[in-house]
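The structure appears right after this line, and notes come after that.
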Amino acid sequence: MKLKIETTNTKVPPETLILQDTFVYKDDYVAKSFDFPIGKPNAKGYYNAQKFGKNNHLGDDWNGLKGGNSDLGDSIYAIANGYVSFAEDIDSGWGNVIRIIHKLDNGKEIESLYAHCDTILVKKNQWLKKGDLIGTIGNAGGIYYAHLHLEIRDETNLSIGAGYSNNTKGYLDPTEFIKNHRK
Ligand SMILES: [Zn+2]
Numbered sequence: 005m006k007l008k009i010e011t012t013n014t015k016v017p018p019e020t021l022i023l024q025d026t027f028v029y030k031d032d033y034v035a036k037s038f039d040f041p042i043g044k045p046n047a048k049g050y051y052n053a054q055k056f057g058k059n060n061h062l063g064d065d066w067n068g069l070k071g072g073n074s075d076l077g078d079s080i081y082a083i084a085n086g087y088v089s090f091a092e093d094i095d096s097g098w099g100n101v102i103r104i105i106h107k108l109d110n111g112k113e114i115e116s117l118y119a120h121c122d123t124i125l126v127k128k129n130q131w132l133k134k135g136d137l138i139g140t141i142g143n144a145g146g147i148y149y150a151h152l153h154l155e156i157r158d159e160t161n162l163s164i165g166a167g168y169s170n171n172t173k174g175y176l177d178p179t180e181f182i183k184n185h186r187k
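Mapped onto the numbering used here, the consecutive letters of the sequence shown carry residue numbers 5 to 187.
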């Protein structure tokens, strides 16, 4: 990435600049309420196997009640209105990752991040409504039992991070946030 920027820094494609300059968050997609991303809207049939903060975990790990890989391929839904800022396989323990930017009623933007997905069913820059199907639960190529690692960040577009840290700056407790922002 760095090399590419250095070799092309005199020729930034004009369409890239236009997109950035004119980007406006669509009013219809303001995130007015939040739901859980699995067993929608209340996480029915799932449990949080590793809560935010436990073992310095920066997210929640949602697993099917039947355990193991019983939830492999289950649906993952957008937790609120927003747009997809990232949807790619990045390997390194993360696998397929989807990141969604949500603009709140108060104008603040936050981000939700869904990791280890078996499939990605959305594309970067796609607008979403709460509850839209975005992907399926995976196991990052078999290195875990299938589960959804969900993060909610109050700083958008941070680096991917490590999933664990005792420094929680920029991260929110996903379950607490969702519970406080139901309809
Ligand atoms: Zn996790």
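All residues carry an ideal CB built from backbone N, CA and C; glycine is no exception. This structure is a prediction, so every number in the text was calculated from the model and none was measured.
Contact between the stretch 65-74 and the stretch 93-111 is absent: fewer than three C-beta pairs spanning the two stretches fall below 8 Å. Shortest Cα-Cα distance from D78 to any of D122, R157, S96, G111 involves D122. Inter-residue distance for I156 and V28 is about 22 Å (C-alpha atoms, whole angstroms). When the alpha-carbon of K173 is set against those of K48, N60, L137, the nearest one is in N60.
Around the beta carbon of S169, fewer than 16 other beta carbons lie within 10 angstroms, which makes this residue exposed. Relative to ligand 1, the beta carbon of G57 is positioned no closer than 8 Å to any heavy atom. The count of Cβ pairs closer than 8 Å, one atom from the stretch 47-57 and one from the stretch 81-96, stays below three, leaving the stretches out of contact. Check the Cα spacing between L162 and each of K70, E115, A119, G57: the tightest is with E115. Just measuring C-alpha positions, the residue of V34, E180, G165, W66 sitting nearest T140 is W66. For ligand 1, the residues with a Cβ under 6 Å from any of its heavy atoms are, in chain order, Q54, H61, G63, D65, H153, G167. The Cβ-Cβ distance between E92 and I124 falls below 9 Å.
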